[in-house]
Amino acid sequence: MKIIYGVALLALSYLIGQWLGEFFGNLLGINANVGGVGFAMIILMILKEWFIKNNWMSPDIDSGIDFWNKMYIPVVIVMAASLNVKSAVSTGTLAIVAGAVPVVVSFFVFPMILKNFHKN
Amino acid sequence: MDIFLNLVEKNGLIFGFLVIGIIVAFSELFSKKVLNSKIPGSAIAIFLGLVLGYVGGVFTGGEKGLSDIAIFKGVGILGGAMFRDFAIVATAIGASFYLVRKAGLLGMISLFFGIGLFFFMGVLLAYAWGYRDAASLCTIGAGACTYIVGPVTGAAVGASSEVIALSIAAGVVKTIAVTIITPIAANKIGLNSPESAMAFGGLMGTSSGVAAGLAATDPKLVPYGAVTATFYTGLGCLICPSLFYILLEMIF
């Protein structure tokens, strides 16, 4: 039964986050949802910490959220399948270049970050 | 056959679950047997998804890939904005404020550094390829961050379906590149401790690429890399369509 609390908690975070995203979008006047998903994630993390602190968390509640956590890659797969890939491919090599070049650069940057910021 | 097709059309979402199950099973098998797990099943499945989206586009001439084919409509529901964002929000359960505090300053610095670096390199490359409008540049830059930040940003700033698909493709290429290069380069770049793994996860971001790459390097490092990497997508979804988009709007 308690599994629905997990799903409901996730739904609450999602809706508040999306609402905040719409709100900030309006505020900034760009008529777009500004980081609603990011806000929702932060809200969920805070709610989860709060539930754990008060001993309200149970394995059932956790699994209600975790089910959707684990569904995210499958959902991304179907999202990929329902996109206009045909047009994207005809734009050519940009996808490969934009995906790979920054990664290679980052592998060179990484030791510099470690050296400069890893003090302790 | 007619009864079957009718049934599928009436139960589109359920049929969608079955379709992804088959795609994932095939991808996992292909990853293990043919590629010796060098590329993770999830990355192959996402690529396969893109291929199916392409096939759908070729067959129907529509804009929604596979879900333009009548019996795959349910696939479109599951891959639509609502379920997509819902599942992505749920991934935050894997991160906690306690662990973030443990990851500390180094993780934070590499997070912001990583998002900025990938985003602006993506924007620069998109610019070099001829894109000039802020929404497309922003979406492709976001796609260079992860294949989730790309479409979330694209939907938020109102980019076209083609550009969103392109941003996903770029994100998938990134995942594969990180997965392959990480175990090869780990020793040379000093990726050998929990702290360095946290910085690495923050810089690279793509959770599946970081997790798969670290698993092939040293399984003990996986949770440390994943902690910061989990934040990358959330932070990217927050910054790219807001701060970065406004910045681009001012320039273009």
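Protein chains in written order, with our numbering: chain R, -3 to 116; chain E, 924 to 1175. Even glycine gets a Cβ: it sits at the ideal position worked out from N, Cα and C. Owing to the predicted nature of the structure, the values given are computational and were not obtained by experimental measurement.
Is there a C-beta anywhere in chain E that falls below 9 Å from the one on residue i?
i               : result
P55 (chain R)   : no
F63 (chain R)   : yes
Y82 (chain R)   : Strictly speaking, residue 82 (chain R) in this sequence is Lys, with Tyr absent from that position. True, the Cβ-Cβ gap to chain E drops below 9 Å.
I(-1) (chain R) : no
F35 (chain R)   : yes
A4 (chain R)    : no
F19 (chain R)   : no
Rounding to the nearest angstrom, what Cα-Cα distance links residue i and residue j in this structure?
i               : j               : result
V1096 (chain E) : I1103 (chain E) : 11 Å
K44 (chain R)   : D925 (chain E)  : 48 Å
F63 (chain R)   : F1009 (chain E) : 11 Å
L1176 (chain E) : P98 (chain R)   : Because chain E here runs from 924 to 1175, residue 1176 (chain E) falls outside it and cannot be looked at.
N51 (chain R)   : G985 (chain E)  : 51 Å
F1182 (chain E) : M1121 (chain E) : Here chain E comprises residues numbered 924 to 1175, so residue 1182 (chain E) is not present and cannot be evaluated.
F113 (chain R)  : A1135 (chain E) : 25 Å
A1079 (chain E) : P1164 (chain E) : 6 Å
Y1054 (chain E) : K996 (chain E)  : 32 Å
A946 (chain E)  : M1173 (chain E) : One point to set straight first is that residue 946 (chain E) is Ile, not Ala, in the sequence displayed. For I946 (chain E) and M1173 (chain E), the distance between alpha carbons rounds to 43 Å.
I994 (chain E)  : N65 (chain R)   : 27 Å
N959 (chain E)  : I967 (chain E)  : 13 Å
I1112 (chain E) : F938 (chain E)  : 46 Å
A1013 (chain E) : G1157 (chain E) : 11 Å
G1094 (chain E) : I1071 (chain E) : 8 Å
G1037 (chain E) : M(-3) (chain R) : 42 Å
Y977 (chain E)  : I992 (chain E)  : 12 Å
I0 (chain R)    : F927 (chain E)  : 33 Å
F1035 (chain E) : L1137 (chain E) : 21 Å
F1006 (chain E) : V71 (chain R)   : 7 Å
G13 (chain R)   : I1016 (chain E) : 15 Å
G32 (chain R)   : G2 (chain R)    : 20 Å
G1124 (chain E) : L1114 (chain E) : 11 Å
V1145 (chain E) : K933 (chain E)  : 42 Å
L16 (chain R)   : M41 (chain R)   : 16 Å
A1004 (chain E) : L1028 (chain E) : 34 Å
S102 (chain R)  : N929 (chain E)  : 51 Å
V998 (chain E)  : I109 (chain R)  : 42 Å
Y1050 (chain E) : S1033 (chain E) : 25 Å
D956 (chain E)  : A948 (chain E)  : Before going on, a small fix: residue 956 (chain E) reads as Lys here, not Asp. If I take the Cα positions, the gap works out to 12 Å.
W1052 (chain E) : F982 (chain E)  : 28 Å
F1043 (chain E) : V931 (chain E)  : 44 Å
Does residue i have its Cβ less than 9 Å from a Cβ in chain R?
i               : result
M1173 (chain E) : no
E932 (chain E)  : no
P1142 (chain E) : no
R1055 (chain E) : no
S1165 (chain E) : yes
V1075 (chain E) : yes
Y1147 (chain E) : no
S960 (chain E)  : no
V1101 (chain E) : yes
V957 (chain E)  : no
G1066 (chain E) : yes
F938 (chain E)  : no
L1137 (chain E) : no
A968 (chain E)  : yes
G935 (chain E)  : no
F1009 (chain E) : yes
S954 (chain E)  : no
T1014 (chain E) : yes
So, residue i versus residue j, is the Cβ gap smaller than 9 Å?
i               : j               : result
L1048 (chain E) : F1175 (chain E) : no
T1129 (chain E) : V1101 (chain E) : yes
F953 (chain E)  : G964 (chain E)  : yes
S9 (chain R)    : A36 (chain R)   : yes
T1098 (chain E) : G1132 (chain E) : yes
L973 (chain E)  : A1088 (chain E) : yes
I943 (chain E)  : I61 (chain R)   : no
C1160 (chain E) : G95 (chain R)   : no
G1002 (chain E) : M75 (chain R)   : yes
G1045 (chain E) : G1064 (chain E) : yes
A1092 (chain E) : A1058 (chain E) : no
E1118 (chain E) : Y1155 (chain E) : no
S78 (chain R)   : G988 (chain E)  : yes
T1140 (chain E) : A1109 (chain E) : yes
V93 (chain R)   : L1040 (chain E) : no
I57 (chain R)   : L5 (chain R)    : yes
L971 (chain E)  : S950 (chain E)  : yes
V1075 (chain E) : I1011 (chain E) : yes
Let me see if you follow: with CB-CB separation under 9 Å, is residue i close to chain B or not?
i             : result
Y68 (chain R) : Of the protein chains in the structure, R and E, none is chain B.
Taking 8 Å as the line, does the beta carbon of residue i fall inside it for any heavy atom of the ligand MG?
i               : result
I(-1) (chain R) : Of ligands this structure carries none, so the ligand MG is not represented either.
In chain order, what are the residue ranges of uninterrupted alpha helix (DSSP H) at least 4 long that sit wholly in the stretch 8 to 84 of chain R? 32 to 49, 55 to 66 and 68 to 77
Where are the alpha helix (DSSP H) runs, 4 residues long or more, that stay fully inside the stretch 1072 to 1128 of chain E, in chain order? 1072 to 1080, 1084 to 1108 and 1117 to 1127
Considering only residues of the stretch 929 to 962 of chain E, which uninterrupted alpha helix (DSSP H) runs meet the minimum length of 4 residues and lie entirely inside it, listed in chain order? 935 to 956
Could you tell me which uninterrupted alpha helix (DSSP H) segments, each at least 4 residues in length, are contained entirely in the stretch 982 to 1006 of chain E, listed from first to last along the chain? 996 to 1001
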